[in-house]
Amino acid sequence: MPSREEYRASEYLEKWLAGRKLHPGDRLPPERELATKLGVGRAAVRRALATLEASGRLTRHVGRGTFLAEATTQPAGDGAPASPADVMEMRLLLEPRLAVLAVSAATARDLEQVMHCLERGEAARSYEEFERWDAALHRTLAEATHNPLAERLYRVVQDARDDPLWGNLKRRTFSTERRALYQSDHRQIAYALVERDAPAIENALRAHLTRVRTNLFGEER
2 MPSREEYRAS
12 EYLEKWLAGR
22 KLHPGDRLPP
32 ERELATKLGV
42 GRAAVRRALA
52 TLEASGRLTR
62 HVGRGTFLAE
72 ATTQPAGDGA
82 PASPADVMEM
92 RLLLEPRLAV
102 LAVSAATARD
112 LEQVMHCLER
122 GEAARSYEEF
132 ERWDAALHRT
142 LAEATHNPLA
152 ERLYRVVQDA
162 RDDPLWGNLK
172 RRTFSTERRA
182 LYQSDHRQIA
192 YALVERDAPA
202 IENALRAHLT
212 RVRTNLFGEE
222 R
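Shown next as structure tokens:
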């Protein structure tokens, strides 16, 4: 559960971002400076930054700092929206292989962030909060590849997942029992990454996404 300091840090950061004319790619002050301005510990600031990162508003790079997220480039095409079935097809094709790349490329910071997303998802008190941290965990796995092209490809899938059509279907098919299964899947995925076990993470992600697809559409494909 977020601490009082973390809530204060989150509120400050929201106001700080809103009060400045920042552009995608602009760098935020270091954690130490933000903590001093707010009068809270660096750990609270770090968690608040992680929350904003989970929402896709910030990107964080080890050794470089924290930046306002770049605007996602829209893919070329006729503009036709992707259906939930299209989204799941691409996720099953893409995510297990990206996870294999992440096993060898992930830094200690990536591992920490994946575990943070896992813990916050498990502590979520609402469907919306759980979904936000669910999406953050999957995005963090893609970012842990440290492959710019892989990250851009995943952002296209993530944008399609953010479509209301997907969200409405996911909500209608969601249940407490299914959330528990998703959390169990996420633990297996996160632990496989920490153990640097490529076959395990690939199998765990494929099994998880197959479960999600079955729950969404009611049948194996």
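Going by the working numbering, the first residue of the sequence shown is number 2, and it counts up by one from there. Here a beta-carbon is modelled for each residue, glycine too, at the ideal position from N, C-alpha and C. Note that the coordinates shown come from a computational prediction; the quantities given were computed from them, not determined experimentally.
{"query": "Ordered list of alpha helix (DSSP H) runs contained in the stretch 119-144, each at least 4 residues", "result": "128-144"}
{"query": "Among Ala49, Leu93, Ala83, Val41, nearest to Ala208 - alpha-carbon criterion", "result": "Leu93"}
{"query": "Whole-angstrom distance between Met116 and Asp186, CA atom to CA atom", "result": "13 Å"}
{"query": "8 Å Cβ cutoff met for Leu206 and Glu96", "result": "yes"}
{"query": "Range covered by the alpha helix (DSSP H) that runs through Gly168", "result": "165-173"}
{"query": "Alpha-carbon to alpha-carbon, Val195 and Ala124", "result": "20 Å"}
{"query": "Alpha carbon of Arg214 to alpha carbon of Met89, nearest angstrom", "result": "6 Å"}
{"query": "Rounded C-alpha distance that separates Thr52 from Trp167", "result": "22 Å"}
{"query": "Where Arg140 falls, given that 16 or more other Cβ within 10 Å makes a residue buried", "result": "buried"}
{"query": "Three-state secondary structure assigned by DSSP to Thr223", "result": "Nothing can be reported for residue 223: it is not among the residues displayed for the chain, which extend from 2 to 222."}
{"query": "Beta-carbon proximity of Arg28 to Thr67, cut-off 8 Å", "result": "yes"}
{"query": "Beta-bridge pairing of Thr60 - partner residues as DSSP gives them", "result": "Phe68"}
{"query": "Buried or exposed (CB count within 10 angstroms, at least 16 for buried), Tyr155", "result": "buried"}
{"query": "Minimum C-alpha distance to Glu152 - residue among Ser127, Ala109, Ala100, Gly122", "result": "Ala100"}
{"query": "Rounded straight-line distance, which links the Cα of Gly57 to that of Ala137", "result": "8 Å"}
{"query": "Euclidean distance between Cα positions of Pro25 and Ala70", "result": "5 Å"}
{"query": "Same chain only: Cβ atoms within 6 Å of Asp79, ignoring 5 sequence neighbours per side", "result": "Legend: pLDDT at Asp79 = 49, less than 50; position of this residue unreliable, value from coordinates given subsequently. Cβ within range, chain order: n/a, list empty."}
{"query": "Buried or exposed (CB count within 10 angstroms, at least 16 for buried), Glu34", "result": "exposed"}
{"query": "Neighbourhood of Arg43 by C-beta distance below 7 Å, restricted to the same chain and skipping five residues each side", "result": "Glu32, Arg33, Ala36"}
{"query": "Arg28 - DSSP class collapsed to helix/strand/coil", "result": "strand"}
{"query": "Contact belief for Leu102 with Thr174 at Cβ below 8 Å, rounded distance in angstroms", "result": "Not confirmed; about 30 Å, so no contact."}
{"query": "Close Cβ partners of Lys16 (< 7 Å) along its chain, the five nearest in sequence each way excluded", "result": "none"}
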